[in-house]
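Numbering (this note's numbering), first residue to last: 5 to 288.
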């Protein structure tokens with residue numbers, strides 16, 4: 005009689021044995037057998053059809069997006085055209101109003117002179133009014149003077165060093181302002197820039213690449229004219245800081261700068277502005 009088998013001290017579990025011996029789940033094995041036996045049914049919808057459907061869907065999405073972009077671009081162009089037309093209409097209306105204002109101002113001046121020249125008191129008052137109008141720049145003035153022309157350098161010959169600002173402009177607003185202020189200091193009675201009379205509170209500014217005189221665009225060449233004693237203005241302007249500044253700018257950056265006497269200059273009135281005065285009020 006054989007002795008009974010001794011139990012193993014570390015029996016191997018059946019689950020671990022199956023994991024070591026059976027590398028695939030029975031379901032995978034059955035599927036492989038079915039596939040090898042050609043028992044698997046073909047899908048109802050071929051993959052090519054799914055691919056075509058997806059491509060059509062993507063095309064529709066892109067088509068709708070492009071159509072929307074085209075519509076938005078058309079609306080932007082239409083809005084831009086409307087805005088440009090409105091600006092041009094406003095500019096034309098402003099020009100018409102300027103002409104009407106000048107005509108009415110001339111009529112008022114004529115009637116005022118006729119009314120005040122009848123006696124000595126009226127003539128004295130008229131002289132005082134003329135002096136005030138001349139100081140405010142709201143009267144028309146003619147006479148000899150000095151003409152200063154500042155020109156941007158030619159685009160073809162401009163180099164990197166000819167650009168003094170990021171906007172690409174070489175002539176700066178402070179250059180024009182320096183020339184205007186120097187002409188006043190040299191004895192000018194009236195000054196205009198590109199045909200625009202410079203009156204009190206008029207500003208010369210630069211917005212990007214545009215030069216603005218009293219919020220009106222001016223372009224190169226900048227014609228700066230001054231009415232007054234030509235010899236006196238020319239002599240004092242030639243020794244001014246503005247003349248030295250512009251001569252240096254012309255040599256360094258290729259800016260055009262010329263000064264010549266003018267025999268017959270005519271300026272219209274400047275835009276009249278409302279002036280405000282302030283005074284200290286005693287505490288209550």
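Every residue, glycine too, gets a C-beta built ideally from N, C-alpha and C. Model, not experiment: these values are computed from the prediction.
Check, Outcome
"Residue 83 versus residue 77: straight-line alpha-carbon distance, rounded", "10 Å"
"As assigned by DSSP and simplified to three states, the class of residue 179", "helix"
"Element boundaries [beta strand (DSSP E), containing residue 197]", "194 to 197"
"Nearest-angstrom Cα separation, counted from residue 81 out to residue 291", "Nothing can be reported for residue 291, as the shown portion of the chain is limited to 5 through 288."
"At least 3 beta-carbon pairs within less than 8 Å: the stretch 219 to 235 vs the stretch 135 to 142", "no"
"Simplified DSSP assignment, three categories, for residue 50", "coil"
"For residue 117, three-class secondary structure by DSSP", "helix"
"Inter-residue spacing [alpha-carbon to alpha-carbon] between residue 232 and residue 150", "8 Å"
"As assigned by DSSP and simplified to three states, the class of residue 3", "Examination of residue 3 is not possible in this model, given that the chain is present from 5 through 288 alone."
"Cβ-Cβ separation, residue 269 to residue 227 (assumed contact under 8 Å), whole Å", "Between residue 269 and residue 227 the Cβ distance is about 10 Å, and since that is not below 8 Å, they are no contact."
"Whole-angstrom distance between residue 71 and residue 200, CA atom to CA atom", "48 Å"
"Where the alpha helix (DSSP H) through residue 275 begins and ends", "Looking at the DSSP string, residue 275 is not in any alpha helix (DSSP H), and its letter there is neither H nor E."
"Where the beta strand (DSSP E) through residue 138 begins and ends", "Premise fails: residue 138 lies in the alpha helix (DSSP H), 124 to 140, not in any beta strand (DSSP E)."
"Touching by the beta-carbon criterion (3+ pairs, under 8 Å), the stretch 109 to 126 and the stretch 245 to 258", "no"
"Whole-number beta carbon distance between residue 175 and residue 208, since they are thought to touch under 8 Å", "Contact doesn't hold; Cβ gap of about 11 Å is too wide."
"Backbone secondary structure at residue 104 - three-state DSSP", "helix"
"Residue burial classification, residue 121 (beta-carbon count within 10 angstroms, cutoff 16)", "exposed"
"Assigned exposure category for residue 286 - 16 Cβ within 10 Å defines buried", "exposed"
"Member of 156, 262, 242 whose CA lies at the smallest distance from the CA of residue 223", "156"
"Strand pairing of residue 221, partner residues [DSSP]", "216"
"Close Cβ partners of residue 271 (< 6 Å) along its chain, the five nearest in sequence each way excluded", "145, 194, 196, 201"
"Other residues of its chain near residue 253: CB distance less than 6 Å, five sequence neighbours each side excluded", "259"
"Pick from 190, 212, 109 that is closest to residue 240, judged by C-alpha positions", "190"
"Outcome for residue 238 when other beta-carbon atoms lying within 10 angstroms are tallied against a minimum of 16", "buried"
"Same chain, Cβ closer than 6 Å to residue 147, five either side skipped, listed in chain order", "231"
"Spatial neighbours of residue 162 in its chain, beta-carbon cut-off 8 Å, leaving aside the 5 residues before and after", "Residue placement at residue 162 cannot be trusted, given a pLDDT of 47 that sits under 50; what the coordinates show is reported in the next sentence. So the qualifying residues of the chain are 174, 258."
"Same chain, Cβ closer than 6 Å to residue 262, neighbours up to 5 away in sequence not counted", "153"
"Residue 153, enclosing beta strand (DSSP E) - first and last residue", "145 to 155"
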